[in-house]
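Input: a single structure, listed below in structure tokens.
Residue numbers (our numbering), protein chains in the order written: chain D, 13 to 188; chain U, 2 to 355.
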């Protein structure tokens, strides 16, 4: 049996699991609420990844170029193919040729909240502020992804813009 | 419209908005709550003297402190379900942009959740059903009380009828054994009056009624009673009546009036005659009833003023029912009485059923 040519391995299993879970979530609570749930998880994962890189790099805070590198690197480690298109003091622009969720992401736009929250969380915690704009996504059927991370708050940002704020590590730090 | 003038309007609109809206800090202290929010979370006004927070609420999908921190970090709405005791609030939360110095602030807004709405509506339906059951129970109790009251009233009518019949019979018996003619006559008159009242109660009882009597049923029965008790065979009494449902308050004096006039004619209209005729007619005239009692007798004796002598009690009874009365002497005597009449709705389903 172990020699049988079945398209099943650990990675495929988990990607399929995530696809079905997110699909079920979208079907039960609706896309908007499903994005909320996935944002919750994405924010926590973003905190964890940010802390991991800072610890390894031995830095308490990363510069914009380092943040961009972390974003590209973390995606590569989980099977994505992100690359940096441009970076300046106002924004970072990323491209992507392959989603970490693979083909399983098509039609599951709520999973894009993982990217938005992880990129946004890491960027905001290191640079103070981030607003993530998903111009193109494989999930929506685009051939690739185009993700813009704005680094400056904008008064005219849309009400539903995905903004990320840096928080004080402890509330007491802010008031002192 | 300027921004300055829009701000108070926005405050008013937000406060009146039915969506629960709170702004809290990371500790759960309420910085703003609209009316729906204060109501949902049971809060005093944040600007009031009493500290105001949501620390007592449990939350899903994570504890309150973690939820607020997680929500505060971005503008993405995340699910935030609050529950305490039996109350559950389905909401979502997001961060508000920091203003540089202020602590992070979290905006919480309720969401239209079908499960929660169903739960609320189900509770409302349960409450309404409870109230309905209570009202139904009270209604049943009241109906039962009314039924008992009606039964007792009918029973009272029945007993009054029987007692009146007994009294009438006793008086007649007494009249028969009385040696004095005038005493005997007085007792018979009293018995006849009581009998006329008993006739009204008899009709009520047989129809299972307590208040309403049918005139077309009352008059023949009344005349039959007088005929049987007082009328000699050579005197013929005729009755002619239209139909009307009348109240007992009118039926009793009316029965006594007819009894007085007819018995008076029997006694005084035909002295020494071998035959006589008394005619009694009831006519409905829009808002009045007219009763005519006429005879072809010798006419009434007159008083000193030359007016026909009025039978005993008639004047008092006519005035009791706000009526009028006239008497004509022309080949006999004709009494014509009129009194106001307001049509009474007859209970067709019960009248005549007995």
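Glycine included, C-beta positions come from ideal geometry on N, C-alpha and C.
Predicted model only: the values in this text are computed from it and were never measured.
Where does the unbroken beta strand (DSSP E) through residue 1(U) begin, and where does it stop?
Since the first residue shown for chain U is 2 and the last is 355, residue 1(U) is missing from the structure and cannot be characterised.
Please tell me whether residue 80(D) and residue 124(D) are closer than 8 Å, where the distance is taken between their beta carbons.
no
Exposed or buried, which one is residue 10(U) when buried takes at least 16 other CB atoms within 10 Å?
exposed
Pick from 189(U), 257(U) and 83(U) that is closest to residue 21(U), judged by C-alpha positions
83(U)
Proximal chain U residues relative to residue 70(D), where beta-carbon distance stays under 8 Å
Going along chain U, no residue has its Cβ under 8 Å from residue 70(D), so there is no contact; the nearest lies around 24 Å.
To the nearest angstrom, how far is it from the Cα of residue 175(U) to the Cα of residue 185(U)?
8 Å
At 7 Å on the CB atoms, spell out the chain D contacts of residue 96(U), in chain order.
177
Minimum C-alpha distance to residue 100(U) - residue among 167(D), 117(D) and 127(D)
167(D)
What is the DSSP secondary structure of residue 35(U), reduced to helix, strand or coil?
coil
What runs of the alpha helix (DSSP H), each 4 residues or longer, lie entirely inside the segment 43-86 of chain D?
43-69
Cutoff 8 Å: residue 129(D) Cβ touching any chain U Cβ:
yes
Can you tell me whether DSSP reads residue 83(U) as helix, strand or coil?
strand
Residue 137(D) to residue 173(D), Cα distance in whole Å?
18 Å
Counting only beta-carbon separations shorter than 8 Å, does residue 111(U) have a partner in chain D?
no
Local Cβ density within 10 Å of residue 307(U), reported as buried at 16 or more and exposed below that
exposed
I need the boundaries of the beta strand (DSSP E) containing residue 110(U), first residue and last residue.
106-111
Give every residue of the same chain whose Cβ lies closer than 6 Å to the Cβ of residue 1(U), excluding the five residues on either side of it in the sequence, and list them in chain order.
Given a span of 2 to 355 for chain U in the structure shown, any question on residue 1(U) remains unanswerable.
Residues of the segment 26-49 of chain D in Cβ contact with chain U at a cutoff of 9 Å, in chain order, please.
41, 44, 45, 47, 48 and 49
From residue 62(U) to residue 42(U), what does the alpha carbon distance come to, in whole angstroms?
18 Å
Do the segment 186-205 of chain U and the segment 221-235 of chain U touch if we need at least three Cβ pairs shorter than 8 Å?
yes
In the DSSP assignment, find the unbroken beta strand (DSSP E) run with residue 284(U) in it and report its ends.
277-286
Residue closest to residue 303(U), alpha-carbon to alpha-carbon, out of 314(U), 269(U) and 324(U):
269(U)
In this structure, how does DSSP classify residue 269(U) when only helix, strand and coil are distinguished?
helix
In angstroms with no decimal places, state the Cα-to-Cα distance between residue 14(U) and residue 95(U).
21 Å
Scan the segment 66-98 of chain U for residues whose Cβ lies nearer than 8 Å to a Cβ of chain D and list them as they occur along the chain.
70, 71, 73, 74, 75, 76, 77, 78, 79, 80, 93, 96 and 98
Exposure of residue 13(D), with buried meaning 16 or more beta-carbon neighbours within 10 Å
exposed
Residue interval of the alpha helix (DSSP H) (run including residue 104(D))
Not the alpha helix (DSSP H): residue 104(D) falls in the beta strand (DSSP E), residues 103-108.
Where does residue 96(D) sit, in a helix, a strand or coil, going by DSSP?
strand
Measuring CA to CA, which of 163(U), 342(U), 256(U) and 330(U) is closest to residue 314(U)?
256(U)
Residue 51(D): contacting residues in chain U (beta-carbon distance under 8 Å)
75, 77, 78 and 79
Does chain B have any CB closer than 8 Å to the CB of residue 62(U)?
The chain labelled as chain B is not found among the protein chains of the depicted structure, namely D and U.
Determine the chain U residues that contact residue 174(D) at a beta-carbon separation under 9 Å, and present them in chain order.
75, 76 and 77
Identity of the residues DSSP links to residue 340(U) by a beta bridge
290(U)
Is it the case that the segment 212-219 of chain U contacts the segment 240-247 of chain U, given that we only count it when at least three CB pairs across the two stretches are under 8 Å?
yes
With 8 Å as the threshold, decide whether the Cβ of residue 165(D) is near any Cβ in chain U.
yes
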